[in-house]
Amino acid sequence: MIKVAINGYGTIGKRVADAVSAQKDMEIIGISKTKPSAEALIAVQRGYPIYIADMSKKDAFEKAGIPVAGSVEDMLKKADIVVDGTPGGVGESNKALYEKAGVKAIWQGGEDHEVAGFSFNAHANYKDAIGRQFVRVVSCNTTGLCRVIKAVDDAFGVVKVRAVMVRRGADPHVVKKGPIDAVVLDPPTIPSHHGPDVNTVLPHIDIVTMAMIVPTTQMHMHAITIELKKEVSRDDVLAVMRSHNRIGLVQPKTAIKSTAELKEYVMDMGRPRSDLWENGIFEASVNMVGKELFFFQAIHQEADVVIENVDAIRAMMGEVTDPETSIRMTNEAMQFTAL
Ligand code: NAD
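Numbering (the numbering used here), first residue to last: 92 to 430.
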């Protein structure tokens, strides 16, 4: 069993903890919290040992009925690998701690590529992650872009990608962030950071991205144009998307044409936390004009990177060297079949 610690048990960390627990070859040896909270109480229910970043808060945890197993340093001693789920920018400051403990570490997309020197997407570069000490799983938007660009590039060859990201303002539980009534250009300059971030995984892709933030919490929406190297039919493209185990097609018969309806659909399917782990490509939007491919895809920011973290763990530990084997193991353990 691969012993996994989660440092930073928030939106991403708590989901990765549950995804890891579902795997046959991995176990959670501990999670960390900075203060007693609803999430910490759920971690107790789940049976995850709780470690804390600041031992002076031990009494506060115990008063809230949350047993403390030790410090983050104690947790790292027991782990083969730590998944850092702390807020963007905080993760980098933990690097010295991980180096000192001699533990493998995974950071999230809120950190720069340089923190690990390697950026990961399971379908794109699993083999290059084998045996590494440090890896960064790219952000939710970059993960969604990499999955589909890699699949289309392998099948038909990509000349260039142009994409507009309509991003959610905040995650649903975040009460202090906006916008409440505005479309915010983020950034107002072009390109946005997403294109260069795709290049940390797929360096040969010509990509320019633009991004804005809107008042919604459900998901991001991407409007994507890809110029292909050859003229292919819409059906050829749909076949590639349909056969991909982390790309879902939102079928016209569902009559879904919004992130809200898609989220409801996934909730009704009984997915944990109503998580959409796959890219949600709207089948009706997939269209070819000459050599240009057009489509919309929904990306659930809280979910798509979770399964990538599981594969990153497996690659870094080096037991499973075939990407498709790991991806299948991860998906099956979570009873996940793409839409
Ligand atoms: P979050 O704020 O929901 O959770 C972060 C957790 O880390 C909180 O529980 C916080 O208390 C804890 N924490 C803070 N400082 C800590 C410390 N020093 N030691 C231990 N724990 C600490 O954040 P999140 O949304 O889960 O984001 C985590 C990372 O994942 C970021 O890099 C972010 O950019 C990335 N990411 C987030 C999303 C998203 O949409 N939420 C999507 C993809 C990637």
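Backbone N, C-alpha and C fix where the C-beta goes; we use that ideal spot for every residue, glycine too.
Close beta carbons around residue i, own chain, < 8 Å, minus the five adjacent residues each side
i	result
V437	Residue 437 lies beyond the residue range present for the chain, which begins at 92 and ends at 430; the question has no answer from this structure.
F387	M312, H313, A314, I315, I372, F373 and S376
S123	A96, I97, N98, G99, Y100, I141, Y142, I143, A144, V163 and M166
I172	I93, K94, V95, A96, V194, K195, A196, I197, I404, M407 and M408
K169	K94, A96, I120 and G121
M358	S365
Q224	K195, A196 and M407
G248	L319, K320 and K321
K354	Q309, M310, S365, L367 and H391
Residue i beta carbon near the ligand NAD (any heavy atom closer than 7 Å)
i	result
G121	no
D244	no
Y217	no
S230	yes
Q342	no
T308	no
T350	no
Y139	no
Y100	yes
P178	yes
G200	yes
E205	no
T125	yes
D262	yes
E130	yes
G208	no
A187	no
G371	no
I133	no
I398	no
I172	no
G381	no
G235	no
G361	no
V292	no
G182	yes
I103	yes
A196	no
A144	yes
Heavy atom of the ligand ZN within 7 Å of residue i beta-carbon
i	result
E393	Absence of the ligand ZN is noted for the structure shown, with the ligand NAD being the only ligands found.
Whole-angstrom C-beta distance between residue j and residue i, which should lie under 8 Å
i	j	result
G222	G201	The pair is not a contact, with the Cβ atoms about 25 Å apart (cut-off 8 Å).
K241	A273	So it is not a contact: roughly 34 Å between Cβ atoms.
I141	V159	6 Å
T307	R364	Actually they do not touch by this definition, with Cβ atoms about 17 Å apart.
M256	H285	6 Å
V95	E118	7 Å
S417	A213	7 Å
T233	V305	About 19 Å separates the two Cβ atoms, so there is no contact after all.
D297	V250	7 Å
Q114	T421	7 Å
E393	D262	6 Å
Cβ shell of residue i (< 7 Å), same chain only, five flanking positions each side left out
i	result
I338	R238, V239, A242, M332, E369, N370, I372 and A429
W198	D175, G182, V206, A207 and R227
Y356	T345 and I347
L293	A215, C237, I240 and K241
I271	P306
G235	H313, N370, Q388, I390 and D395
Y217	D402, A406, P414 and S417
Y139	A108, I119, G121 and I122
Own chain, CB closer than 6 Å to residue i, minus 5 neighbours either side, in chain order
i	result
G179	G201
M379	R325
T291	H204 and S210
A155	P127
Quick one: which unbroken beta strand (DSSP E) runs of 3-plus residues sit fully inside the stretch 125 to 193? Chain order, please. Qualifying beta strand (DSSP E) stretches, in chain order: 141 to 143 and 172 to 175.
Taking three-plus beta-carbon pairs below 8 Å as touching, is the stretch 364 to 371 in contact with the stretch 332 to 350? Judged by Cβ distances under 8 Å, the stretch 364 to 371 makes contact with the stretch 332 to 350, as three or more pairs qualify.
Which runs of the alpha helix (DSSP H), 4 residues or longer, sit entirely within the stretch 330 to 413? The stretch 330 to 413 contains these whole alpha helix (DSSP H) runs: 350 to 360 and 395 to 408.
Check whether the stretch 401 to 418 touches the stretch 343 to 355, counting contact only when three or more Cβ pairs, one atom from each stretch, lie closer than 8 Å. Touching, no.
Does the stretch 387 to 401 come close enough to the stretch 228 to 235 that 3 or more CB-CB pairs lie under 8 Å? They touch, by the three-pair rule.
Counting pairs of Cβ atoms below 8 Å between the stretch 265 to 285 and the stretch 298 to 311, do you hit three or more? Enough Cβ pairs lie closer than 8 Å, so yes.
Kindly provide the ranges of any alpha helix (DSSP H) runs that are 4 or more residues long and lie completely inside the stretch 277 to 317, ordered along the chain. The stretch 277 to 317 contains these whole alpha helix (DSSP H) runs: 285 to 292.
Continuous beta strand (DSSP E) assignments of at least 3 residues falling wholly in the stretch 208 to 247: The stretch 208 to 247 contains these whole beta strand (DSSP E) runs: 225 to 228.
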